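Reviewing the structure listed below.
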Amino acid sequence: MDTYRIEWKTSALKELKRIDRKIIPKIIHSIEALATVPRPSGVRKLKGSELSYRIRVADYRIVYEIIENKLLIIIIRVRHRKDVYRD
Numbered sequence: 000m001d002t003y004r005i006e007w008k009t010s011a012l013k014e015l016k017r018i019d020r021k022i023i024p025k026i027i028h029s030i031e032a033l034a035t036v037p038r039p040s041g042v043r044k045l046k047g048s049e050l051s052y053r054i055r056v057a058d059y060r061i062v063y064e065i066i067e068n069k070l071l072i073i074i075i076r077v078r079h080r081k082d083v084y085r086d
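Residue numbering for the sequence shown is 0 to 86, as defined by numbering that gives the first Met the number 0.
So this is what it looks like as structure tokens:
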């Protein structure tokens, strides 16, 4: 089975730093698990995009894109569920 490389957008890293420190290890663990299973149980494909997916970790959502031909996952957003889809 192939392993995906994980890259973070700078804005997603900034969002991660603003999250409660107790939940950050769970979020990091979930993101690292995407390297071997890019579409885990509970994943949702986002409407209006061919590449975007989201997973839930407690009250937070991780929005990411899967680039299959490069074996790449790009973390786009890490935000609370009430704010994740706002710009």
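Ideal Cβ positions, reconstructed from N, Cα and C, are used throughout, including at glycine. As the structure is a computational prediction, the values presented were derived from the model and not from experiment.
For residue i, three-class secondary structure by DSSP
| i | result |
| --- | --- |
| I27 | helix |
| S40 | coil |
| L12 | helix |
| E67 | helix |
Which listed residue (the options) has its alpha carbon closest to that of residue i
| i | options | result |
| --- | --- | --- |
| D82 | P24, I61, I73 and E67 | I61 |
| V76 | P39, P37, K69 and I26 | The question names Val, yet the displayed sequence has Arg at residue 76. Checked all of P39, P37, K69 and I26; the closest Cα to R76 is I26. |
| V36 | G47, S48, Y52 and P24 | Y52 |
| R43 | I65, I23 and I22 | I65 |
| Y3 | R17, K21, I30 and L45 | I30 |
Buried/exposed call for residue i, threshold 16 Cβ in 10 Å
| i | result |
| --- | --- |
| Y84 | exposed |
| A32 | exposed |
| R78 | buried |
| E67 | exposed |
| E14 | buried |
Residue i and residue j closer than 8 Å at C-beta
| i | j | result |
| --- | --- | --- |
| I5 | I74 | yes |
| R80 | Y59 | yes |
| D1 | L70 | yes |
| I22 | A57 | yes |
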